[in-house]
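The block underneath contains the structure these notes are about, expressed in structure tokens.
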Amino acid sequence: MQISRQTMQLQTVDILKALFALPGFDSVSIKGISPASPDDSQTILSAIDASWHDILSDVDFKARIAVHPSLRSLAKPLSHTLLSLMGLKDGILGLSIQGNACEMQEEAVETVRLCLATGYRADIIFEIQWNENVPPLSACENAPCPSPCDAFWLIAVQALGKLLRRDYLIADHLAHMLIMEGLVLQMEMRDAKYGTNIHRYGYGEVPAYQNTDTEAFAFLFDKMEPAGRQTAENLCRAALTYNALTGRDSSNESRREIFFALWNCYLQGL
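And the structure:
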């Protein structure tokens, strides 16, 4: 894995090509800078200069898209379909979508936060304009929704960024959110095992994260200052535990490998 200003620029061009190709596309900007096309290299370079601070940097897009109002009948956000049409769904490490344009009147907004398997991070704000003159988007009904796995790994990447920028309060908060996700999974597994959903007493179960061994990944954080090292260990433990609890999911197994490769890549680049 390699992350640099150059790789950020190359992958930004790929995102721009996908955005410009969307049905109903109107305009896009990055940090307020609007390239005329994916080939507008000088403008794109200016946008990258405004976005790149270090290897942890992401790219902020704002895209205006016209969508046929018949799609308001969908219960899920339109971003699921837009990401599928952009060809991004299969290459995502972590993802979250905020807002649902189908529940909004006039102009609507959905915010996508994602980290690709390459380590490229982006926020895409979709400004949706309802317009009867554009054809309905294809494959809306079949577009996959983000899974809990998508959200987990996005938060893990966010926690990692905060950790490496020494914001241990937010990093540890996010790491504990991930630990809690593991606890919820463990409780769901218990309910499935015993056929219960109400508990007066427990069964003396040990929270899985308490027994998770992080030694194989200690090289990622063993030289950090004490506060950072503890937070890093919490994050590492949360990621390994979640992977173990969802071990039958081969997709999640590969995401764990990508996450720790990203961690190592960040360390090499800072």
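Going by the working numbering, the first residue of the sequence shown is number -7, and it counts up by one from there.
For each residue, glycine too, the CB sits at the ideal point set by N, CA and C.
Here the structure is a predicted model, which is why all the values come from computation and not from measurement.
Beta-carbon spacing of residue i, residue j below 8 Å
| i | j | result |
| --- | --- | --- |
| Val104 | Leu129 | no |
| Leu85 | Trp145 | yes |
| Ala95 | Gln121 | Position check: residue 95 holds Glu in this sequence, whereas Ala was assumed. Not in contact: Glu95 and Gln121 (Cβ atoms no closer than 8 Å). |
| Leu155 | Gly220 | yes |
| Ile36 | Gly111 | no |
| Ile47 | Tyr258 | yes |
| Tyr201 | Ala230 | yes |
| Asp50 | Ala114 | yes |
| Ala58 | Val126 | yes |
| Thr(-1) | Ile40 | no |
| Arg56 | Glu124 | no |
| Asp164 | Asn226 | yes |
| Lys9 | Asp52 | no |
| Leu77 | Leu14 | yes |
| Ala148 | Leu170 | yes |
| Pro69 | Gly91 | yes |
| Leu87 | Leu63 | no |
Chain-order list of residues whose beta-carbon lies under 6 Å from that of residue i (same chain, five-residue window excluded)
| i | result |
| --- | --- |
| Lys54 | Ser21 and Ile117 |
| Cys228 | Thr206 and Phe209 |
| Gly212 | For the record, residue 212 in the displayed sequence is Leu; it is not Gly. If we look at Leu212 and ignore the five residues flanking it on each side, its Cβ neighbours are Trp255. |
| Met337 | Because the chain here runs from -7 to 262, residue 337 falls outside it and cannot be looked at. |
Beta-carbon proximity list for residue i, same chain, < 7 Å, skipping 5 on both sides
| i | result |
| --- | --- |
| Phe12 | Ser29 and Pro30 |
| Gln260 | none |
| Arg(-3) | Ile40 and Trp44 |
| Gly79 | Ala10 |
Residue i classed as buried or exposed, judged by whether at least 16 other C-beta atoms fall within 10 angstroms
| i | result |
| --- | --- |
| Asp214 | exposed |
| Ser71 | buried |
| Leu237 | buried |
| Asn203 | exposed |
| Thr188 | exposed |
| Asp142 | buried |
| Gln150 | buried |
| Ala93 | buried |
| Glu173 | buried |
| Gly153 | buried |
| Leu262 | exposed |
| Ala67 | exposed |
Residue i: CB within 7 Å of a non-hydrogen atom of the ligand ADP
| i | result |
| --- | --- |
| Ala208 | With respect to small molecules bound, the structure shown includes none, and the ligand ADP cannot be examined in it. |
Same chain only: Cβ atoms within 8 Å of residue i, ignoring 5 sequence neighbours per side
| i | result |
| --- | --- |
| Ser19 | Ser26, Ala55 and Arg56 |
| Gly83 | Leu108, Ala109 and Thr110 |
| Met216 | Ala224 |
* **Every unbroken beta strand (DSSP E) inside the region 101 to 145 [3 residues or more]** => 113 to 122
* Asked: Would you call the region 148 to 165 and the region 174 to 181 in contact, with 3 or more CB pairs under 8 Å?
  -> no
* Three or more beta-carbon pairs under 8 Å between the region 248 to 255 and the region 186 to 201, yes or no? -> no
* **Unbroken stretches of the alpha helix (DSSP H), 4 residues or longer, contained in the region 27 to 113** => Qualifying alpha helix (DSSP H) stretches, in chain order: 33 to 43 and 71 to 77.
* **Completely contained alpha helix (DSSP H) runs for the region 162 to 235, where each covers 4 or more residues** => none
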